[in-house]
Structures are given as structure tokens and as C-alpha cells.
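Here is the structure we will look at.
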Ligand code: XMP
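Quick look at the structure:
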């Protein structure tokens, strides 16, 4: 892989994604990892990320010069660049001429490895208080800005490169080109990391891990569990059994999509447990959001546990015990929990999601090195239906936490109808990619007066909550065009009898969460 050494701040994951966009596999490692351990991974290249520190601040993360002497191509960005300057014997100073934001840079050699084929005037994204004032011996300076006389350098002999700016952010106009030049020209990589090759490699790994054992998967209908299941089924076929708990809290058409389209497209062996009555019964009379969440979680475990026991029991009778449980864990979770360095399948033997001791599985996480957009590409490659691949994030407790008040069959039906209209119109307006997700919330305990035809109505409001986000940690309300909102409002109030008002949630997160409960 290409190793992205994380010097802190939020840049490393973004760099890793940009590298993958160039079809080169990348992994994030913490800067505290010993150089020997990094080199043991036989990196094809190393990228040193930016970071918040000053290279000579006390406790600043350090760069082991061994990384620069190993014969591995290295590319430093921002802090990583300054760390290289320092390690190679150049000078970094606090000049008092910090640069922040879009900055004009002059490229002095447009035939160089990094800048080949690019204009000599570029806009680059800077964020630095210190600057390199003297390049290390042997490094050729190839760019400057007004605040950074040494803004880029390269040495093709030792294959060492660096830029003072952040090529990974969009505001650096030629950033991706610079990065690709490093990967393809400087490091001589081939850019063959494609969804097709990823699927092949992961299928091989899953085959090897699973052998002739059996595998269980809790299919939720979401993108991650669906793609993980499709991948494992491609690898081991009917050794995989998926359990889909229909809790009756999905949106219109979603259960059918899993039960029919997904099965037809991927050939997975699916056990559907119809637990709709059980969930409704358990939720009867409950309005408190946390209480609802707890009940739904508890019932899910109960139902899944029973289904798992049945599958495990029959597998044992066949002499092929169930040993693995598939989880759709993604790379950001892995990096955030500090374990960015594993292989495609960890085998930590532990109990999962509150299952009892007699149901012990080894986890298999085939997507743990992938970002969400890559999971989608892998899903398409595996033939997972597009309606699932492009599905918006949807909370586990489903519509149960989008009805403010008690959850009843009738209210679910009202919400499903309104939600279906909103989803349809937002899609038709081409807003699927701009909108991260758009919960539709039924204020079931609120009523308001309206007039329809000649008569007074006394119905319920629904709330539209379209948000734009990168990762759901923060979000802003999406500026959906008025015409689209008007159409949704008209259709919902015309077609869903019980709803006589449609309101728009214009709260960012924070302070509001995305869901209402
Ligand atoms: P909030 O409402 O906290 O939601 O801003 C952030 C993201 O998480 C989703 N969400 C959940 N997902 N189980 C899940 O799998 C849950 O219990 C749950 N609650 C919220 C929410 O849809 C949003 O994408």
C-alpha cells in the first residue's frame, strides 16, 4: 500500500481517499508507529500528512529519518513537508508571514515530476505559520509563494518530494494532479486499484478465512450490510445465511427490495423473520424516544438470537458449524478506533452486539478497509441493486424514531406514505447526491386545524429534514429549491389524508441532531 502517515488533524483520511481516487491503495498509519513497523508493510510510497503543530514545538510529532533513507518514494505535505525539510538539514523558521487559505503559487519548473503538464501560476490551499527558508542540500526548489520561498521541492534521484500546501483539498486547483504525478510518475505506481480488482482480492481473502465453515449475517437492508453480504456470498456461496428481521419500521418498499430484488441479484440464502407484530406489541403505549430505542434494540437482539440459534443448530447437524458473523464495518470507524492497520478480516473472537455467551462468533469484516463511496462501487460491481447501493443512511430503529409519540400501525402507514412522496420528489429533482439524508418525521401527538375542500380538517404535521453532511457528525440543512418543496407539500397534503401541514426543519447540527428522536 501507500502509507499515509497521520501527523494529527483531519487531513490523513482525506489524503487516503484522494490516493484511492487515483486508483492506488492507501492506508492511514499514526505518526507514532515506529519506522521499522511502517517499512515492514513494504509500502509502495509514503505520504506525510499535514498536522496542527509547528515542527520545533515541544512534543511535536517527529519524522524518523529512516523513512527517508529506505529507498521508498516519499511525499510530504504541509507539516509533513516541513518535517522533511528539517530532517534533511534545511531550515524551517517562524517568519511571521503565515499563509492561510487560497494562495497564489509560482511554479518554477513545469517539467518537473510533480508539476509536469500544469500551469506555472496555480492557486493552492495553505495553512502554515512557519516556512522553509532554505532547502536541504540536493533538493531542487520548484515552487514559491510570497510567504514561502521554498514552497515545493523534489529530488528524483532519492525520490523525495514535498509541497508546503495541501494538495488534497479541493481549493488547491491542481492538487489531485500533483498527487497523481507523485504516485504515477514519482513513485512509478500503476493505478490499478479498481472496484473490480478489489472485489477479486476480497473474495479470495474471505474464501481463505472461512474455509468450509458457515457464516451468518444480519442483513438490515442498508448499504453496508448488503454489500458485505453480497461479497461474502460471492466468496462462499451457500455457506452464508443472512437473517433479515422485518421489524415493520422500514420505509415503503424497503423490505420487499431486500426480500426480492437483493436475493434475485446476489443469490444470497435469506431467512426472513416477520417480527412486525412483536415490535408493535412491545412499542405499544411508549412515547419516550430513549425508551423506544431501547425496546427496538432489545427486541432485535431477541429475534436475531432466536433465528441465529436455528441456523446454528441446523448447520451443526450438517457438520459445518457456524463460526463467523459478518459485520459491515467501514474504514473511518477502523481509523477512528485507532486500528487503521489490519488486514481485510480481523478475527477478534468476541461477543457481538449483546448476543449471549453460547453464540460466540468470529467477526468477519470484509469492508473494513473501504470508504463509503468505495463500498458503493464494490456493491455495483457485485450487482447489488442500485436502490440499495445508493440508499441514504437510515437509523437502525427506523421509522420508530421518526414518529414523535407512540408508534402504531396506522401512524406507520401515514409516515410511510408521506416519506415515499418526499423521497420520490427529491430523487426526481436530482437531489439524491446533494442530500445526505432526509428524514420525514410525523408529529403524531400534534394536531393543527386546516381547511380542505369546503371542510375543516384537524390533522397532523410532517416535518421534512433534508440535511447535507460529510459524515453525519455535523450537518447543515439543505437548501432545497422552493419549487421542489412546494411539490412535496402539495402532494403530501393531497394524497395523505391525515396530514394537513408540511413544515421544513431549518436547524443545523449542532445544535439539532439529524433525527428528531
Ligand atoms: P443524529 O440523529 O444523531 O444521527 O444526528 C446521526 C446519523 O446516525 C443515524 N442514526 C442511527 N443509525 N442506529 C443507526 O444505525 C441508530 O440508532 C441511529 N440513530 C441515528 C442517523 O440517521 C444519522 O445518519
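In UniProt numbering, the protein residues as written are 13 to 529.
By construction, the Cβ of each residue, glycine as well, lies at the ideal position given by its N, Cα and C atoms.
For residue 127 and residue 47, what's the separation of their Cα atoms in angstroms? It is roughly 29 Å from the alpha-carbon of residue 127 to the alpha-carbon of residue 47.
If distances are taken between C-alpha atoms only, which option among 505, 448, 52 comes closest to residue 465? Closest option to residue 465, Cα to Cα, is 505.
Quick check: the Cα distance between residue 50 and residue 342, rounded to an integer number of angstroms?
The alpha-carbon separation between residue 50 and residue 342 amounts to approximately 22 Å.
Practice task
Go ahead and pull the three-state DSSP assignment for residue 512.
Solution key: strand
What is the C-beta distance between residue 396 and residue 238, in whole angstroms, given that I count them as a contact (C-beta under 8 Å)? That pair is a contact at about 6 Å.
Burial state of residue 377, where buried means 16 or more other Cβ atoms lie within 10 Å
buried
Item checked: Beta-carbon separation (whole angstroms), residue 305 vs residue 447, contact threshold 8 Å -> The Cβ separation is near 24 Å, so there is no contact.
Considering only DSSP beta bridges, list what residue 589 is partnered with.
There is simply no residue 589 to check, as the chain begins at 13 and stops at 529 in what is shown.
Item checked: Neighbourhood of residue 421 by C-beta distance below 7 Å, restricted to the same chain and skipping five residues each side -> Within the same chain, residue 421 has close Cβ partners 292.
Exercise for review: Return the chain-ordered ranges of every beta strand (DSSP E) run that is complete within the segment 273-349 and spans a minimum of 3 residues.
Suggested key: 281-286, 334-338
Next item on the list: Using three-state DSSP, classify residue 16 as helix, strand or coil.
Entry: strand
**Request:** Say whether the segment 484-493 touches the segment 422-436, bearing in mind that this needs 3 or more beta-carbon pairs closer than 8 Å, one atom from each stretch.
**Result:** Under the Cβ criterion (8 Å, minimum of three pairs), the segment 484-493 does not count as touching the segment 422-436.
Item to check | Alpha carbon of residue 279 to alpha carbon of residue 236, nearest angstrom | outcome: 17 Å
Checklist entry - What first and last residue would you give for the alpha helix (DSSP H) that runs through residue 212? => result Secondary structure note for residue 212: its alpha helix (DSSP H) is the uninterrupted segment 207-222.
**Request:** Could you name the residues that DSSP lists as bridge partners for residue 226?
**Result:** 334
Give the list of continuous beta strand (DSSP E) stretches no shorter than 3 residues that lie fully inside the segment 427-476. 452-455, 460-464, 467-476
Hey, residue 229 and residue 242: beta-carbon distance below 7 Å or not?
no
If contact is defined by three or more beta carbon pairs under 8 Å, each pair taking one atom from either stretch, is the segment 72-82 in contact with the segment 114-125?
no
inquiry  = Along the chain, where does the alpha helix (DSSP H) containing residue 51 start, and where does it finish?
reply    = 47-52
What's the C-alpha gap between residue 345 and residue 322?
31 Å
### Contacts around residue 40, its chain only, beta-carbon distance under 7 Å, and the 5 residues preceding and following it disregarded
The answer, listed in chain order, is 16, 18, 24, 25, 28, 347, 352.
>> For residue 294, which residues in the same chain have their Cβ closer than 7 Å to its Cβ, ignoring the five residues on either side in sequence?
In response: 307, 311
message: Just to confirm the assignment, what range does the beta strand (DSSP E) spanning residue 385 have?
response: Looking at the DSSP string, residue 385 is not in any beta strand (DSSP E); the run it does join, the alpha helix (DSSP H), is 384-393.
Exercise. Return the chain-ordered list of same chain residues with a C-beta closer than 6 Å to the C-beta of residue 115, the five sequence neighbours on each side being excluded.
Key: 136, 138, 157
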